[in-house]
Amino acid sequence: MTSGGGIGAIVITSSTPLWYATRATGLVAMVLLTASMALGLLSSVRFQRPAWPGFVTLGLHRNLSLLALGFTAVHVLTTVLDGFVSIPLQDAFIPFISSYRPIWVGLGAIALDLMLALIITSLLRTRIGLRGWRAVHWTAYLCWPVAVLHGLGTGTDTPVRWVLVLTGCCVLAVTALTIWRLALAWPDRPVASTAGVVLIALTLIAGGAWLRAGPLGPHWSARSGTRTTPPAGVARPHRTSP
Amino acid sequence: MRTDPDGGTRHQPQAQEPELRVNPIACDARGLCIELLPELISADPWGYPIIRPGPVPLQLQQLARRAVAACPTLALMLISPPG
Amino acid sequence: MHGYGPASAGRPAAPEPGELRLIVRDQPLSLAEHIDQYGPLPAARLGPKALIEDVESSGLTGRGGGAFPAGRKMRAVAEAGTRDTAKGSAAKGSVIVANGSESEPASSKDSVLLSRAPHLVLDGIAACASAVGATRAYLCAGHGDPAQVHFLTEAVAERSRAALDKVRVEVVTVARGYLSGQENALISALNGNAPLPTFVPPRPAERGAHRRPTLVLNVETLAHIALIARFGSHWFAAAGTPGAPGSALVTVTGAVERPGVREIPLGSALSDVLQHCGVSQPAQAVLTGGYFGTWLPLPAALAVPVSHEGMRAAGAALGPGVLAVLPEAACGLAETARIASFLAAESAGQCGPCRNGLPALADALNWIAFGRPGPDIIGRVQQLADLVTGRGACHLPDGAAGLVRSALSVFAADLQAHLRAGPCARAGGPPVLPVPARGSR
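Residue numbers (this note's numbering), protein chains in the order written: chain A, 14 to 255; chain B, 314 to 396; chain C, 31 to 471.
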């Protein structure tokens, strides 16, 4: 604690629990979103066992999606309330207008917007009809990777090993299930399914390369547009990222 | 209420009691309705629903609505006959 | 309603009860000859109320197979159009679809009617168009025959040169396939979608072609309406019976000397109709209604009246008026197996129970006809027939099930013989009923 202005000190000390909450809820939301995605894929491949009926898959998928939205809401709230970096509420919905890591926070906004569209259309499915619902639901394939990228790019915990492992497991699960889905969607078109698998593999390789060069590389904070000027006369607390 | 010979009770037929119907073109044999409402819906040898004819009893109507909402292709419908 | 009385100057007499009404000779009637024969279509009586009431009181039922009261259909479409007017959306009007697709392979009455008396059908379209406020009209010709399409287009052109019709009729070819002529499939095709049945709500009378109230009527029904518009409902009901008024076209095929299309007063005994066509060899059964119809045993069914209610009372259905006579020399089970295979191949494939059940049913029947199945095959056939009945979006599975059930009943003796000793010698003979080759779609 420094001898700086009282309000500045309060802002700095009270931002730390909020900052932890942002990171924690973000990670939990990612895990929940991954679980929801996985259950959705499981449903589309008609996974059904005597001890695991179809309605369980879809019921869990629905509830975990709502839970993921809940955690995302808290994640947004703690980010906005966290005064260390100014991220007003609209930055969470309108992509790329943020002054803090605009691209990566912007991806979060996109993921949140898509999540809202997915959930609202699902709640109103009987009213909007199957075709409209299905058209929107395809964007789930966009929402999840965008959310993961947002986490990797904005998250200050990305270089932490267990966070990397967790993210890796999420990516592995969704990738494996998506490949299974592809194989079943076009059983009589091996060229198309192989092309799909190759595309997924290339995406993963590109993603891995970006990860090494970007968030795991040097000075990511600066390169991604982190504004680090604290209020005058106040020392910055130590943070784990460069 | 009348008593059946086998001991069950039966409502007098009401004009408002809805019926379950499936759109056979939209139905894709996902089987959720069969899981959720086995009292009224059973599976044929190919997984498609066979709906017990007649109105849905009052005590099962909430479950029937749940089954209708759960159908992935919105093929199951609860039709209220013109009352 | 009011009769038209004897002929007067410029107006021919109405056909007598015994006379032919629809097809008066073997060559096509040109427009001039048609007007000579029947007189012009009276414009005065074609207000919506007058014609619809006439058709309703005449008791005319649809001749496409459904036997639905034609007047009631017209009224439903007219009322739907009126509701649209109230809502302010009447600008587009309703649609008339004349169904001449005749996708039932054993039936030829519609194509014969269209080729001999096209102007009766076109008169019917014009009469209905003004009765229900239609702004578009389609004449659906089947069989993919370019010559017939050309012929009908010429007939329409002839009428437009004479400025006869307010609504120009578009002649449309119907896709091949047993289901293409089904009411919803036809409308679906006119809307630019696949020619396959749709799930019923909304009904065509409410919202069919181009989202307008649509009146779909068989071409023969329209021909009858054209005559009712001229000669009235009393005249129409002078032929036939009180329960089955009017005349109808039937197609007689199979083991008869003179197969073909006949116009008969409804309610005639089957024996009369068959005698007219000349039964030269002993016959064991008759398939009524078409390929999704039912078998009736002969000679027991000779007394059955040829009408919808008469056939229904005998456990059969008149349908589009097909009467296919099976000789003793053929095997009813083999014929049924062939028809069942045809029906299974014609499934739209949209509904699981039909897509799975009809091939299984056909397989079982083929086993019975040509193989050595165990005695439990009968139970399996019954179970499959029950499984498919009423579980499709159209009546194809119901028809197939009904056909198979009637075959097991009418050919029960053959069934036992097949189960005991294998296929009979007759089963190896040439087919009697014309089943089109697979791949018609």
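We put the CB at the ideal spot given by N, CA and C, even for glycine. Note that this is a predicted model, so its numbers are computed, not measured.
* Which residues, in order along the segment 58-78 of chain A, keep a beta-carbon less than 9 Å from a beta-carbon of chain B? -> Interface annotation for the segment 58-78 of chain A against chain B: Arg-59, Gln-61, Pro-66, Gly-67, Phe-68, Val-69, Leu-71, Gly-72, criterion Cβ-Cβ distance under 9 Å.
* To do: For B/Arg-343, return the contacting residues in chain A, with the cut-off set at a CB-CB distance below 8 Å.
  => Result: Arg-59, Gly-67.
* Asked: Does B/Ile-354 come within less than 8 Å of chain C when only Cβ atoms are used?
  -> Answer no: the Cβ-Cβ gap between B/Ile-354 and chain C never drops below 8 Å.
* **Of the residues C/Tyr-321, C/Ala-344, C/Glu-339, C/Gly-111, the one placed nearest C/Leu-328, counting alpha carbons only** => Cα-wise, what sits closest to C/Leu-328 is C/Ala-344.
* To do: Find the nearest neighbour of C/Phe-372 within the set C/Ala-315, C/Leu-433, C/Ala-423, judged by alpha-carbon distance.
  => The option with the nearest alpha carbon to C/Phe-372 is C/Leu-433.
* Rounded to whole angstroms, what's the CA-CA distance from B/Gln-329 to B/Gln-375? Just pull it up for me. => Distance between the alpha carbons of B/Gln-329 and B/Gln-375: 15 Å.
* For C/Arg-435, does the three-state DSSP call read helix, strand or coil? -> Here C/Arg-435 sits in helix by DSSP.
* Asked: Hey, is C/Pro-350 close to the ligand ZN, as in C-beta under 7 Å from one of its heavy atoms?
  -> The ligand ZN is absent from the structure shown, which contains no ligand whatsoever.
* Given that A/Leu-120 touches chain B, what residues does it touch there, using C-beta distances under 9 Å? -> Those do not exist, as A/Leu-120 stays about 30 Å from chain B at its closest Cβ, beyond 9 Å.
* Give the residues from the segment 81-106 of chain C that approach chain B closer than 8 Å (Cβ to any Cβ), ordered along the chain. => If the cut-off is 8 Å between Cβ atoms, the segment 81-106 of chain C has nothing near chain B.
* Asked: With a CB to CB cut of under 7 Å and the five nearest residues on each side skipped, what residues in its chain are close to A/Gly-39?
  -> For A/Gly-39, where only same-chain residues beyond five positions count, the Cβ hits under 7 Å are His-88, Gly-164, Gly-168.
* Could you spell out the range, first to last residue, of the alpha helix (DSSP H) harbouring B/Ala-377? => DSSP places B/Ala-377 in the uninterrupted alpha helix (DSSP H) bounded by 374-383.
* What are the complete alpha helix (DSSP H) segments, minimum 4 residues, inside the segment 162-214 of chain C? -> The segment 162-214 of chain C contains these whole alpha helix (DSSP H) runs: 176-191.
* N-terminal and C-terminal residue of the alpha helix (DSSP H) that C/Val-85 is part of -> Element bounds for C/Val-85: 78-88.
* To do: Under 9 Å between beta-carbons, which chain B residues line up against A/Thr-139? List them in chain order, please.
  => Using a Cβ-Cβ cut-off of 9 Å, A/Thr-139 is close to Val-381, Ala-382, Leu-387 of chain B, given in chain order.
* **Per DSSP, the bridge partner or partners of C/Glu-293** => C/Glu-293 pairs with C/Leu-279.
* **Start and end residues, beta strand (DSSP E) containing A/Arg-147** => Taken as a continuous stretch (DSSP letters only), A/Arg-147 belongs to no beta strand (DSSP E), being part of the alpha helix (DSSP H) at 138-150.
* Asked: With DSSP run on the structure shown, which of helix, strand or coil describes A/Ala-199?
  -> One detail in the question is off: residue 199 of chain A reads as Trp in this sequence, not Ala. In the structure shown, A/Trp-199 sits in coil (DSSP, three-state: anything other than H, G, I, E or B).
* When the Cα atoms are used, what is the spatial distance from C/Glu-63 to C/Phe-266? -> Note on geometry: alpha-carbon atoms of C/Glu-63 and C/Phe-266 lie some 22 Å from one another.
* Asked: Which same chain residues, not among the five before or five after C/Ser-190, have their C-beta less than 7 Å away from its C-beta?
  -> Result list for C/Ser-190: Arg-198, in chain order.
* Straight-line Cα distance separating A/Ser-57 from A/Val-204 -> Distance between the alpha carbons of A/Val-204 and A/Ser-57 is about 21 Å.
* Asked: So with Cβ pairs under 8 Å, would you call C/Asn-396 a contact of chain B?
  -> So no, C/Asn-396 is outside the interface.
* To do: Using a cut-off of 8 Å between C-beta atoms, extract the partners of C/Ala-484 located in chain B.
  => This structure cannot settle anything about residue 484 of chain C, because the visible part of chain C is limited to 31 through 471.
* Could you pull out every unbroken alpha helix (DSSP H) segment of at least 4 residues lying fully inside the segment 371-445 of chain C, listed in chain order? => The segment 371-445 of chain C contains these whole alpha helix (DSSP H) runs: 382-400, 407-418, 426-440.
* Taking just the CA atoms, how far does A/His-232 sit from A/Ala-245? -> In this predicted model, A/Ala-245 has a pLDDT of only 47, less than 50, meaning its place in the structure is not dependable; the value taken from the coordinates is given anyway. Going from the Cα of A/Ala-245 to the Cα of A/His-232 covers about 23 Å.
* Helix, strand or coil at B/Val-354 [DSSP, three-state] -> Per the sequence shown, residue 354 of chain B should be read as Ile rather than Val. B/Ile-354 carries a strand assignment under DSSP once its states are collapsed to helix, strand and coil.
* Mind checking if B/Glu-332 is an interface residue toward chain A, Cβ cutoff 8 Å exclusive? -> Answer no: the Cβ-Cβ gap between B/Glu-332 and chain A never drops below 8 Å.
* beta strand (DSSP E) containing C/Pro-327: first to last residue? -> Per DSSP, C/Pro-327 belongs to the beta strand (DSSP E) from 324-327.
* **Where C/Val-316 falls: helix, strand or coil (DSSP)** => In this structure, C/Val-316 counts as strand in the three-state DSSP scheme.
* To do: Let me know if C/Gln-314 comes out buried or exposed under the rule of 16 or more other beta-carbons within 10 Å of its beta-carbon.
  => Here C/Gln-314 is buried: its Cβ has 16 or more other Cβ atoms, across all protein chains shown, within 10 Å.
* So, C/Leu-245 versus C/Val-127, is the Cβ gap smaller than 8 Å? -> Against a cut-off of 8 Å, the Cβ pair of C/Val-127 and C/Leu-245 comes out as a contact.
* Would you tell me roughly how many angstroms separate the C-alpha atoms of C/Tyr-34 and C/Asp-195, rounded to the nearest one? => Reliability fails at C/Tyr-34, whose pLDDT of 39 lies under 50, so the model's placement of it is uncertain and no value is given.
* If C/Gly-284 sits next to C/Ala-354, beta carbons under 8 Å apart, how far is it from one beta carbon to the other, in whole angstroms? -> Yes, they are in contact, since the Cβ atoms of C/Gly-284 and C/Ala-354 sit about 4 Å apart, within 8 Å.
* Helix, strand or coil at C/Asn-221 [DSSP, three-state] -> In the structure shown, C/Asn-221 sits in coil (DSSP, three-state: anything other than H, G, I, E or B).
* In chain A, what lies closer than 8 Å to B/Leu-349 by C-beta? -> The contacting residues are Phe-68.
* Could you confirm whether any beta carbon from chain B is found closer than 8 Å to the beta carbon of C/Pro-412? => Per the sequence presented here, residue 412 of chain C reads as Gln, with Pro not at that position. Closer than 8 Å: no.
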